[in-house]
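Okay, structure first, notes after.
In my numbering, the protein residues as written are 4 to 466.
Below, the structure is given as structure tokens:
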């Protein structure tokens, strides 16, 4: 098995610093030893951690132990694991984007490839927004009429949610997407987790940096980047090894605070509508696109299960990026430079799940307030959700601020906004699964069209 612990760009050894191959072989050896002794692959252990964390968290909640010392101790490893993973996202994106651009600029059709990636991401996000409208009209609307509206017992939830509101104008939201492309202070943007300007700066560096000396040898700058990238890969390998413990701890922390008594029947219908829309997007749109790319959808998605389990625990597509790249390169045989470029960009601008979710939220809150939705409002919803989701940060619950913007644009009051915040943390995990699945799907399409190699589901090692 080409395990999760091998280096991410093994197919480009001439770009890797000395010692990289040895580190990769050691990591692969550790992975094989663990599997021989446990009869399980990394995927099994990760999902075991998810299930165990959820069951223990549910038990703690029903025993009233949510605020106990034991709960704090069990949740602590997940906090440390998530912090360490987030710490490595930024350097990984920087080095991956620079390295990918250096490789791509020497390839024919690099400009076309970039436009194709952005175009495909915009297309899938638009499809998701349309699906959000359809599931709202065809399922949520007719079903909600059979349930009573939320009563006064939800007043606390609503009050807590309203504290999170930040009013942003519609025009400001649209302009902000383009404004983020140009960093004012690159270091400050990086420290705040604004990945889009960092990606743009990395692309510029990758295009302009000198990769060869006059004698044809590798430049000092590229050698330094490769050395630092090797350090990042080794650290990420250790973090990935601890994934079952980290993800299980995070799921426990969330499950131990889930209060089903605060979720009425109407909110349950809203959650079901969102999940139906997300499933349709994955099993219809992505399945068709993977077939176009010449892939077996079931096998392709099976090979990204480690990334899916990770995003379910972290609720962050950016934090899951190392796992997404690893699965793409090692399991699905995506060209390393394509995987790094497409997935790094997708972690920032491809938020299909968020686009669908924003429309369902707006329709749900509008229904509770008696707001009527016609063609005009649905058109505005579709455009706004597509643009806003592409500008959403790849971090947990980043869509809440964007939701307020859309509510304002279509004239929906925010009276029951707190009902959304009560379940957003849970739905955020499913949105994240859709987002990284969309990134992986576009990577397969781009790989089929630009790698120059025939795609095959059997060309990579399986679990």
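By construction, the Cβ of each residue, glycine as well, lies at the ideal position given by its N, Cα and C atoms.
- The residue from 381, 276 and 282 with its alpha-carbon nearest to that of residue 147 is 276.
- The beta carbons of residue 441 and residue 127 sit closer together than 7 Å.
- By the CB criterion at 7 Å, residue 383 and residue 415 fall outside the cutoff.
- The stretch 354-368 makes contact with the stretch 123-139: 3 or more CB pairs, one atom from each, lie closer than 8 Å.
- The straight-line gap separating the alpha-carbon atoms of residue 392 and residue 217 is approximately 45 Å.
- Here residue 359 is buried. Its C-beta has 16 or more other C-beta atoms within 10 Å.
- No Cβ-Cβ contact shorter than 7 Å links residue 345 with residue 279.
- Residue range 308-317 is occupied by the alpha helix (DSSP H) that includes residue 311.
- In the three-state scheme derived from DSSP, where H, G and I count as helix and E and B as strand, residue 217 is classed as coil.
- Counting the other CB atoms within 10 Å of its CB gives residue 72 a total below 16, which places it among the exposed residues.
- With a contact defined as Cβ atoms closer than 8 Å, residue 252 and residue 84 qualify at about 7 Å.
- Taking the C-beta atoms as reference points, residue 439 is found no nearer than 7 Å to residue 347.
- In the displayed model, residue 73 falls within a helix according to three-state DSSP.
- Per DSSP, reduced to three states, the secondary structure at residue 335 is coil, with no helix or strand assignment.
- In the DSSP assignment, residue 327 falls within the alpha helix (DSSP H) that extends over 324-329.
- Look at residue 450 here: in three-state DSSP terms it is helix.
- The three-state reading of DSSP puts residue 185 in coil, since its state is none of H, G, I, E or B.
- Nearest C-alpha to residue 81 among 206, 256 and 194: 256.
- Here DSSP, grouped into helix, strand and coil, assigns residue 299 to coil.
- For residue 294, the CB contacts under 7 Å within the same chain, skipping 5 residues up- and downstream, are 300 in chain order.
- The residues 105, 222 and 225, in chain order, have a CB closer than 6 Å to that of residue 214 in the same chain once the five nearest residues on each side in sequence are set aside.
- When secondary structure is reduced to three states using DSSP, residue 418 falls in the coil class, being assigned neither helix nor strand.
- Residue 437 and residue 123 do not touch by the CB rule: their CB atoms are close to 15 Å apart, not below 8 Å.
- Spanning the alpha carbons of residue 274 and residue 314 requires a straight line of approximately 19 Å.
- Rounded to the nearest angstrom, the gap between the Cα atoms of residue 341 and residue 419 is 43 Å.
- The Cβ atoms of residue 318 and residue 432 sit closer than 7 Å to each other.
- The beta carbons of residue 242 and residue 87 sit closer together than 7 Å.
- With distances taken between CA atoms, residue 339 lies nearest to 102 out of 75, 380, 102 and 182.
- Taking the Cα positions, residue 66 is about 46 Å away from residue 233.
- The beta carbons of residue 136 and residue 381 sit closer together than 7 Å.
- Secondary structure at residue 230: helix, using DSSP grouped into helix, strand and coil.
- Counting C-beta atoms within 10 angstroms of its own C-beta, residue 145 has fewer than 16 neighbours from the protein chains shown and is therefore classed as exposed.
- When the beta-carbon positions are compared, residue 363 and residue 406 stay at least 7 Å from each other.
- When 79, 427, 361 and 289 are compared, the shortest CA-CA separation from residue 390 is found for 361.
- The beta carbon of residue 370 lies closer than 6 Å to those of 147 in the same chain, with the five residues before and after it left out.
- When secondary structure is reduced to three states using DSSP, residue 224 falls in the helix class.
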